[in-house]
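Its first residue numbered -5, the sequence shown is counted upward by one per residue in the working numbering.
Report on the structure given below.
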Amino acid sequence: MSVNGVTGVRSTYALTESVELEKKNSTTNEPKQETVAATYEKSEGIKTNKQQDRETIERLKADAEQRTASLRSLVEKMLLKQGEQVTDATDIWALLREGKVTVDPETAAKAASEIAEDGYWGVEQTSERLVSFAKALAGNDSSKAEAMINAVKKGFKEATKAWGGELPEICQKTLDTTIEKLNKWKDGLE
């Protein structure tokens, strides 16, 4: 029996040792996972992200400034062109009334239709193009509407200056309509 008892003890001891090793290994594995989590340094990643965010923000600001300048330029050009169309149409009608120029009906109708309410240079279509362009520049982000409104106003002022005086009434109506539409967009009403 003593041989069996010794063998049995070894067998029991081996099982106990095996179970204890498994417990020790499983316990050892858990702290390793915690250690890995504890040694993970998020702060370096955050610093890098903050730097990248600053660079992205600066790039976006520069892009926004460039696009705002582009919008101002577009507004200026559109309003100047619109003013030219009004002047051309007005001059044609004035000259026709005075009998100084003979213009065929087709040409006169074309000039008048260009600045008519539903014409390409009319208030509605011109303001719609300006609003569409402003929205595109803002990435359709209505929180940027105020910056776009200011850009439109600045473009109008520059167009007035380039015109050499007050722009025709149609230009003022276009400005008012454009700002009204941008305000609706800003307020979420559009």
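Yeah, the Cβ is synthetic: ideal placement off N, Cα and C, and Gly gets one too.
*asked:* Counting C-beta neighbours from all protein chains within 10 Å, is the total for Lys138 16 or more, i.e. buried, or is it exposed?
replied: Residue numbering aside, residue 138 sits at position 144 when the sequence shown is read from its first letter. So Lys138 counts as buried.
_Top-ranked residue by Cα proximity to Thr171, from Glu111, Leu131, Asp135, Ala130_ = By 1-based counting over the sequence shown, the position of residue 171 is 177. Checking every option, the nearest Cα to that of Thr171 belongs to Glu111.
*asked:* On the criterion of 16 or more Cβ atoms from any shown chain inside 10 Å, does Ala265 qualify as buried, or is it exposed?
replied: For the chain, the structure presents residues -5 to 184; residue 265 sits outside this window and is missing.
*When the distance is taken between beta carbons, is Leu124 closer than 8 Å to Thr146?*
For the purposes of this step, residue 146 is taken as the residue at position 152 of the sequence shown. For the purposes of this step, residue 124 is taken as the residue at position 130 of the sequence shown. Note that residue 146 is Val in the sequence shown here, rather than Thr. Taking 8 Å as the Cβ cut-off, Val146 and Leu124 qualify as a contacting pair.
*Assuming Glu160 contacts Thr168 under a Cβ cut-off of 8 Å, what Cβ separation, rounded to an integer in Å, is found between them?*
Here residue 160 refers to the residue found at position 166 of the sequence shown. Here residue 168 refers to the residue found at position 174 of the sequence shown. Contact check for Glu160 and Thr168: beta-carbon distance about 14 Å, past the 8 Å limit, so the pair fails to qualify.
*Where Gly158 sits in the DSSP three-state scheme*: Here the question's residue 158 lines up with position 164 in the sequence shown. In the structure shown, Gly158 sits in coil (DSSP, three-state: anything other than H, G, I, E or B).
*asked:* Looking only at its chain, what residues have a beta carbon closer than 8 Å to the beta carbon of Lys129, apart from the 5 residues adjacent to it on each side?
replied: Numbered from 1 along the sequence shown, position 135 holds the residue referred to as residue 129. These residues qualify, in order along the chain: Met142, Trp179.
_So Tyr114 and Glu108 are supposed to be a Cβ contact under 8 Å. How far apart are they, rounded?_
Start at 1 with the first residue of the sequence shown, and residue 114 comes out as number 120. Start at 1 with the first residue of the sequence shown, and residue 108 comes out as number 114. Sure, about 6 Å apart at Cβ, within 8 Å.
*Can you tell me where the alpha helix (DSSP H) with Trp179 in it begins and where it stops?*
Residue 179 sits at position 185 when you count from the first residue of the sequence shown. For Trp179, the uninterrupted alpha helix (DSSP H) run begins and ends at 163 to 180, by DSSP.
*What whole-angstrom Cβ distance do Gly133 and Ser67 have, given they're in contact under 8 Å?*
Counting from 1 along the sequence shown, the entry for residue 133 is found at position 139. Counting from 1 along the sequence shown, the entry for residue 67 is found at position 73. That pair is no contact at about 19 Å.
*Opening and closing residue of the alpha helix (DSSP H) in which Lys138 lies*: By 1-based counting over the sequence shown, the position of residue 138 is 144. Per DSSP, Lys138 belongs to no alpha helix (DSSP H) and is neither H nor E.
*Report the three-state DSSP secondary structure of Gly149 (helix, strand or coil).*
Working through the sequence shown from its first residue, we reach residue 149 at position 155. If DSSP states are grouped into helix, strand and coil, Gly149 belongs with the helices.
*Considering only C-alpha positions, which residue in the set Lys55, Glu174, Ile164, Leu176 is nearest to Val117?*
If you number the sequence shown from 1, residue 117 lands on position 123. Of Lys55, Glu174, Ile164, Leu176, the residue nearest in Cα terms is Ile164.
*Starting from Glu118, follow the alpha helix (DSSP H) in both directions and report where the run begins and ends.*
Residue 118 sits at position 124 when you count from the first residue of the sequence shown. Run containing Glu118: 117 to 131, per the alpha helix (DSSP H) assignment.
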